[in-house]
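Residue numbers (our numbering): 434 to 921. C-beta atoms are modelled at their ideal positions from N, C-alpha and C, and glycine is treated no differently. Remember, predicted model here, so these are calculated numbers, not experimental data.
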């Protein structure tokens, strides 16, 4: 509970009616969750405008309404109405104050970019924990607070939830938080109300552009760059062609990393590793640090992810041995994740679920010169059919064998989705088999694995369910693999 006038300390506002000497029991932005004594913030959404629910919130017991424009309320209502210019922006500061500004009690690391955010957050967490720190994580897959894992609905949650998680992390003894920062999160002010100690930019490619997201690439770039006006130290990938545009107008100290020789922290002498069914990379770190690193994930982008993590952890005084050990042992669920089934061939799980991601994944694995590159995937139902044609065409062109199966069919017939994928395959000369049941398809891939093969199960990644007709049934590919191996 907090007093309204204390919550408004960092907010520009105008009092429309009521008193500031009112206790606020909670902050809500969904009228269905209003409790007596709460503050209801009217958030204008793409489909629903929270201002239309102000009267409903008051009827449910809200004592304070925060709005951008005039709202209709029941007559003779004992409620305080506060007007602000932007309720998204105000909510971030109100939430921070409500939870006691927990970000001030920890070091906050924010990572933005089109690719690499998820993997890098886990690498940073692994390295810092090897060095004895207690690290909370907020990201695409989950929120981690000590031993508690909470399913994530958005890459960057609403500001209220961020502050709530920060408070729980601080109370649980966390001294550091590493979080993914999406362009949407920056655009909608979810990360306002505090300052990042470190802001990191990984890379930029056209993505999230369209209705309900960014109007064009320039807006996408601009929103990414907001992070460098909200952090103390900025760290940018010098090899990305957009790094100068993203960091333009920065208000932080700035340093760079990359494979390019002009970067402050560099990877040199990069080598591909392939041994006993395992794929990895090794390289020398130069510039701001000087040591040798091995990582247990494949591809040049894995070098970038590792280098990003090193660039961050350098500021925490982490020793080279701790960095080396953490990078070698760290795994990220569903991100080119190795699953050991044989010394003769390699099996990996990855979240690639569109043509661009699949092309990048298969291109990376092709660099290891496999005997055969085998790609198992399906496509989600109730989504654009073009994705199916494109993924079928990519796999047909780049894999030696494609195993077409089910993903999340949702309300569509699985076979109809497979038939669409086959249309894309037909544009190529690629070999394929179709096995609708995903467990049977994985069993086929394992039982037909040949020495030197690389087999990748694409599309599901970290997901532990399969959605059929609105119901999410438990299905974790790691569990399926274990059951297949035990049944052999």
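Limits of the beta strand (DSSP E) - the one that residue i falls within
i	result
residue 890	887-891
residue 687	686-691
residue 600	Not the beta strand (DSSP E): residue 600 falls in the alpha helix (DSSP H), residues 592-604.
residue 534	Segment: none, residue 534 is in no beta strand (DSSP E) and carries neither H nor E.
residue 665	664-670
residue 540	540-545
residue 443	Careful: residue 443 lies outside any beta strand (DSSP E) and carries neither H nor E.
residue 434	No beta strand (DSSP E) holds residue 434; DSSP gives it neither H nor E.
residue 864	864-867
residue 570	568-571
Sequence-distant residues of its chain with Cβ nearer than 8 Å to residue i (five each side left out)
i	result
residue 606	567 and 579
residue 506	487, 488, 491, 498, 512 and 514
residue 677	none
residue 436	453, 454, 455, 456 and 457
Cβ neighbours of residue i in the same chain (closer than 6 Å, five flanking residues each side left out)
i	result
residue 721	697 and 698
residue 691	670, 671 and 672
residue 777	884
residue 851	837 and 867
residue 615	588 and 589
Continuous alpha helix (DSSP H) stretch holding residue i: start and end
i	result
residue 701	First-last for residue 701: 698-708, but that is the beta strand (DSSP E), not the alpha helix (DSSP H).
residue 631	Premise fails: residue 631 lies in the beta strand (DSSP E), 629-634, not in any alpha helix (DSSP H).
residue 788	788-799
residue 820	818-831
residue 850	847-858
residue 915	910-919
residue 526	520-531
residue 717	Segment 711-720 is the beta strand (DSSP E) holding residue 717; no alpha helix (DSSP H) there.
residue 777	Where residue 777 is concerned, there is no enclosing alpha helix (DSSP H), given that its DSSP letter is neither H nor E.
residue 745	733-746
residue 879	871-880
residue 923	No statement about residue 923 is possible, as the shown extent of the chain runs from 434 to 921 and does not include it.
residue 610	Note, residue 610: premise wrong, no alpha helix (DSSP H); beta strand (DSSP E) at 609-613.
residue 680	676-680
residue 899	Here residue 899 belongs to no alpha helix (DSSP H); instead the beta strand (DSSP E) covers 898-901.
Cβ-Cβ distance between residue i and residue j below 8 Å
i	j	result
residue 734	residue 797	yes
residue 635	residue 741	yes
residue 892	residue 858	no
residue 451	residue 470	no
residue 868	residue 836	yes
residue 760	residue 561	no
residue 638	residue 545	no
residue 633	residue 750	no
residue 849	residue 823	no
residue 456	residue 434	yes
residue 743	residue 631	no
residue 808	residue 889	yes
residue 476	residue 520	yes
residue 610	residue 571	yes
residue 530	residue 591	no
residue 765	residue 552	yes
residue 460	residue 527	yes
residue 662	residue 683	yes
residue 785	residue 563	no
residue 603	residue 524	no
Burial state of residue i, where buried means 16 or more other Cβ atoms lie within 10 Å
i	result
residue 685	buried
residue 860	exposed
residue 508	exposed
residue 449	exposed
residue 915	exposed
residue 445	exposed
residue 643	Its pLDDT being 49, under 50, residue 643 is placed unreliably by the model, and the measurement read from it follows with that caveat. It counts as exposed.
residue 577	buried
residue 439	exposed
residue 724	exposed
residue 768	buried
Same chain only: Cβ atoms within 7 Å of residue i, ignoring 5 sequence neighbours per side
i	result
residue 681	658
residue 710	773, 775, 776, 777, 778 and 779
residue 801	705, 707, 712, 731 and 887
residue 907	897 and 898
residue 582	575
residue 584	575
residue 502	484
residue 832	795, 806, 807, 808 and 863
residue 739	556, 726, 728 and 760
Proximity test, residue i beta-carbon vs the ligand NAP heavy atom, cut-off 7 Å
i	result
residue 589	Ligands in the displayed structure: none, and consequently the ligand NAP is not present.
Three or more beta-carbon pairs under 8 Å between the segment 503-516 and the segment 709-729, yes or no? Not touching, per the Cβ criterion.
Is it true that the segment 611-629 meets the segment 590-603, where meeting means three or more beta-carbon pairs spaced less than 8 Å apart? Short answer: they touch.
Specify whether the segment 814-829 and the segment 724-734 touch according to this definition: at least 3 beta carbon pairs, one from each stretch, less than 8 Å apart. Result no; under three Cβ-Cβ pairs closer than 8 Å.
Cβ contact check for the segment 869-876 and the segment 786-796: 3 or more pairs under 8 Å: Touching, no.
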